[in-house]
Every structure is written in structure tokens, then in C-alpha cells.
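Asks:
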Ligand SMILES: *[C@@H]1O[C@H](CO)[C@@H](O)[C@H](O)[C@H]1NC(C)=O
Ligand SMILES: *[C@@H]1O[C@H](CO)[C@@H](O)[C@H](O)[C@H]1NC(C)=O
Ligand SMILES: *[C@@H]1O[C@H](CO)[C@@H](O)[C@H](O)[C@H]1NC(C)=O
Ligand SMILES: *[C@@H]1O[C@H](CO)[C@@H](O)[C@H](O)[C@H]1NC(C)=O
Ligand SMILES: *[C@@H]1O[C@H](CO)[C@@H](O)[C@H](O)[C@H]1NC(C)=O
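In mature numbering (1 follows the signal peptide of the UniProt record, and there is no 0), the protein residues as written are -19 to -1, 1 to 262.
#1: Touching or not, the stretch 94 to 110 and the stretch 175 to 186, by the rule of three or more beta carbon pairs under 8 Å?
#2: Ligand 3 and residue 171: does the residue's C-beta get closer than 7 Å to at least one heavy atom of that ligand?
#3: Could you tell me how far apart the beta carbons of residue 157 and residue 147 are, in whole angstroms, since I believe they sit closer than 8 Å?
#4: CA-CA distance, residue 182 and residue 7?
#5: Please state whether DSSP places residue 258 in a helix, a strand or coil.
#6: Under DSSP, the beta strand (DSSP E) around residue 83 begins and ends at which residues?
#7: Leaving out five residues before and five after residue 3 in sequence, what residues of the same chain have Cβ atoms less than 7 Å from its Cβ?
#8: Could you name the residues of the same chain whose beta carbon sits closer than 7 Å to that of residue 189, not counting the 5 residues immediately before and after it, in chain order?
#9: Of all the beta strand (DSSP E) runs that stay within the bounds of the stretch 183 to 207, which reach a length of 3 or more residues?
#10: DSSP state of residue 77, grouped into three classes?
#11: As a quick exercise: from 40, 85, 32, pick the residue whose alpha carbon is nearest that of residue 57.
#12: Tell me where the alpha helix (DSSP H) around residue 118 begins and ends.
#13: If we call anything under 8 Å between Cβ atoms a contact, is residue 120 one with residue 168?
#14: Identify which residue in 18, 197, 229, 45 has its Cα closest to the Cα of residue 53.
#15: For a quick check, are the C-beta atoms of residue 116 and residue 171 less than 8 Å apart?
#16: Quick one: Cα of residue 90 to Cα of residue 27, how far?
#17: Give the DSSP-derived three-state secondary structure of residue 58 in the structure shown.
#18: Using the rule of at least 16 other Cβ atoms within 10 Å of the residue's Cβ for burial, across every protein chain shown, is residue 247 buried or exposed?
#19: Using DSSP with H/G/I as helix, E/B as strand and the rest coil, what is residue 30?
#20: From what residue to what residue does the beta strand (DSSP E) around residue 49 run?
#21: Who does residue 41 pair with in a DSSP beta bridge?
#22: For residue 131, is the classification buried or exposed, using 16 other Cβ atoms within 10 angstroms of its Cβ as the cut-off for buried?
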């Protein structure tokens, strides 16, 4: 028989544990993930849950067969933290690596055990959509508006998600208004819409699809950073396989409900999704 005080103590322990999904925990664990990718050592990852799954470019994979076994040198790593879902999102730019990569990674943690349930990455390199890691690291480096949002100016979780959702809802419903700031710029694989005028809203340069239904949206939302990242399947991107959704991640920085920056990575099945290289130069 357990004494009431011991029961109370255990309950306190349990609730304390499940309340541990703080920014500090997520930052520490995500830093460990970044370091593990740097070393190319899966053994350096934070603890994995028994039900742990690894997914690379939408394909479930043995983590030992994935990019995490390759040491990478990063020019930039940026992470955001979703304490509500106990999840993180990381953008890794490895432009000066011998084999350049840009990687977007979503990590889901079990908030009770603090172990990792899922690592899902979109891993892009030279054969992928608009890929130019040199461009990615350069344009990312000149973006000035990535500081934490002051508490009184923070959007709600719902407002941040709505901005990202509107962007994709527009792809099959031309009546949707996408909330964009001026300036607004999109970094797509390494190509930058803002290159001609950094003060303008160049996210709205037209060319949005009108018949693409974006499904399977997976969100990581950080109110402090004003960021929503969506992992999703992008049908129609690969011209050679128009019916197969390509693995894609779009990170949106949202300020006052309006999109300020978009960073995208999109995997292809055929070389450059069947597009000539000049298309985005
Ligand atoms: C990630 O970026 C931080 C600075 O933002 C840096 O201190 C750290 O060394 C980077 N990690 C790796 C593995 O490159
Ligand atoms: C930070 O993460 C490392 C690796 O997962 C872990 O060993 C350490 O206990 C963590 N520290 C804190 C303060 O959470
Ligand atoms: C990649 O981006 C850099 C920086 O914008 C640019 O100088 C370079 O020409 C681009 N390379 C290709 C292959 O598009
Ligand atoms: C767009 O796709 C969504 C999801 O399938 C659907 O609910 C909506 O009706 C579509 N909108 C239009 C205008 O076709
Ligand atoms: C750049 O964009 C801003 C804002 O839209 C506009 O006021 C300005 O005239 C543009 N500059 C050039 C050189 O086009």
C-alpha cells in the first residue's frame, strides 16, 4: 500500500515531468541534434523513444541509412521551438561542405519521457528544386528581421498558423488572400525573390498554382520567433511525376499576422524536378 504522501509525491513527479517541455529543454535537445549531424554520429543524438521513427524525404528509413551518419559542416543553423507540441524545427545550411546540403528537420519529443519520437527531414542537394546552397547561406545572412518578437507584439499561435495555411490554401483557391508584409521575400532552394529590391513585397510575384491541393500539413509553431514551418507533400512540383507529392518544407516568419520571410526546401525525384537549371537563375 502506498502512503497518501507518497502518492501525492509520485503525482507531483509525473506532472512535473510532463510539464518539462520548456524552450530550454527543446533548445538543449535540438542543439544536440545539430551537433550530432555535425559529427555524423547518431549516437550523439538525445535519447530516442522505443517507438522512434526516422523519415527522410517522406520515406521511413533506418536512421543509420540516412544523412545523420554523414558529418557536415554548417554555415548556418537556425532552430525554433514549439512548447505546445513539444517539437522543434531546424534549418541547416551546409554550403561550404564538400557536398553541399540544405536540410529542414522536424523533431517531435515525448513530453513525459523527453525522448525523441520522430525525426523527419527534407534533405536537399544539387539535384533538387532551385538548389543553390551558396545562395541559401548568402540570402539568409542578409535577412535582418529574425530577432525574437517582443512579447507585446507576438501573434497568437492560430494567427501564425493561419498565415502559413493561407499561402497553401491559395494554391487551389484563387480567392484566398495571402497576408504578406512589405517587404516580404522568399528564399526557395537558394533562389531569392528579393534580389532585385529588398524593400519590396516580392513574395507576391505571381505564378502561384491554382489547382494544387496541399495535404498532409505538419506544423511546428514558435510564437516567440513568429515562425510556422509546414512539412507537406507538393503534388505537381516534379514535372516527371506530376501526381506524386514531393517532400517539401516551408518556413514562414510572420510579423503582425503578415508573412515577412519564406524559406523553402523541396526534394525532387527526377533531376531538378524535370526543370532546366536556367529556370531560377
Ligand atoms: C549552430 O549555430 C550556433 C550559432 O547560432 C553556433 O554557435 C553553433 O556552433 C552551430 N552549430 C554547428 C554544429 O555548426
Ligand atoms: C541537455 O541535453 C543533453 C543531451 O541530450 C543531456 O545529456 C543533458 O542532460 C541536457 N541538459 C539539460 C539541462 O536539459
Ligand atoms: C548561387 O547563388 C549565388 C549567390 O546569389 C550566386 O552568386 C550564384 O551564381 C548562384 N549559383 C547558381 C548555380 O545559380
Ligand atoms: C481546395 O482544397 C481543399 C482541400 O481538399 C478543399 O476543401 C477546397 O474546397 C478546395 N478549394 C477549391 C476552391 O477548390
Ligand atoms: C523597391 O520597393 C519599394 C517598396 O515597394 C518601392 O517603394 C521602391 O520604389 C522600389 N525600388 C525600386 C528601385 O524598384
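Quick reminder that beta carbons are idealized off the backbone N, C-alpha and C, glycines included.
All figures in this text were calculated on a predicted structure; none of them were measured in a lab.
Replies: A quick look at the data gives this:
#1: no
#2: Position 190 of the chain shown, counting from 1, holds the residue named residue 171. At least one heavy atom of ligand 3 is nearer than 7 Å to the Cβ of residue 171, so yes.
#3: In the chain shown, residue 157 corresponds to position 176, counting from 1. In the chain shown, residue 147 corresponds to position 166, counting from 1. At roughly 6 Å, the Cβ-Cβ gap stays under 8 Å, so residue 157 and residue 147 are in contact.
#4: Looking up residue 182 in the chain shown gives position 201. Looking up residue 7 in the chain shown gives position 26. Approximately 33 Å, taken between the alpha carbons.
#5: For the purposes of this step, residue 258 is taken as residue 277 along the chain shown, with counting starting at 1. Of the three classes helix, strand and coil, the one that applies to residue 258 here is helix, per DSSP.
#6: As a working mapping, residue 83 is identified with position 102 in the chain shown. Where residue 83 is concerned, the enclosing beta strand (DSSP E) stretches over 82 to 90.
#7: Residue numbering aside, residue 3 sits at position 22 when the chain shown is read from its first letter. Result list for residue 3: 64, in chain order.
#8: Counted from its first residue, the chain shown places residue 189 at position 208. Only 151, 152 meet the Cβ criterion.
#9: 196 to 203
#10: Within the chain shown, numbered from 1, the residue matching residue 77 stands at position 96. The answer is coil: DSSP assigns residue 77 none of H, G, I, E or B.
#11: Translated into the one-based positions of the chain shown, residue 57 becomes position 76. Checked all of 40, 85, 32; the closest Cα to residue 57 is 85.
#12: Taking the first residue of the chain shown as 1, we reach residue 118 at position 137. Residue 118 -> alpha helix (DSSP H) spans 114 to 123.
#13: Counting from 1 along the chain shown, the entry for residue 120 is found at position 139. Counting from 1 along the chain shown, the entry for residue 168 is found at position 187. Yes, they are a contact pair.
#14: Sequence index remark: in the chain shown, residue 53 carries index 72 (1-based). Nearest of 18, 197, 229, 45 to residue 53, Cα basis: 18.
#15: Position 135 of the chain shown, counting from 1, holds the residue named residue 116. Position 190 of the chain shown, counting from 1, holds the residue named residue 171. Going by C-beta atoms, residue 116 is nearer than 8 Å to residue 171.
#16: On the chain shown, residue 90 is found 109 positions in, with the first residue counted as 1. On the chain shown, residue 27 is found 46 positions in, with the first residue counted as 1. Their Cα atoms are separated by approximately 10 Å.
#17: Position 77 of the chain shown, counting from 1, holds the residue named residue 58. Three-state DSSP puts residue 58 in a strand.
#18: Residue 247 sits at position 266 when you count from the first residue of the chain shown. Buried is the call here.
#19: Taking the first residue of the chain shown as position 1, residue 30 is located at position 49. Here residue 30 sits in strand by DSSP.
#20: Counted from its first residue, the chain shown places residue 49 at position 68. Per DSSP, residue 49 belongs to no beta strand (DSSP E) and is neither H nor E.
#21: Within the chain shown, numbered from 1, the residue matching residue 41 stands at position 60. Beta-bridge pairing links residue 41 to 36.
#22: Indexing the chain shown from 1 puts residue 131 at position 150. Under this definition residue 131 is an exposed residue.
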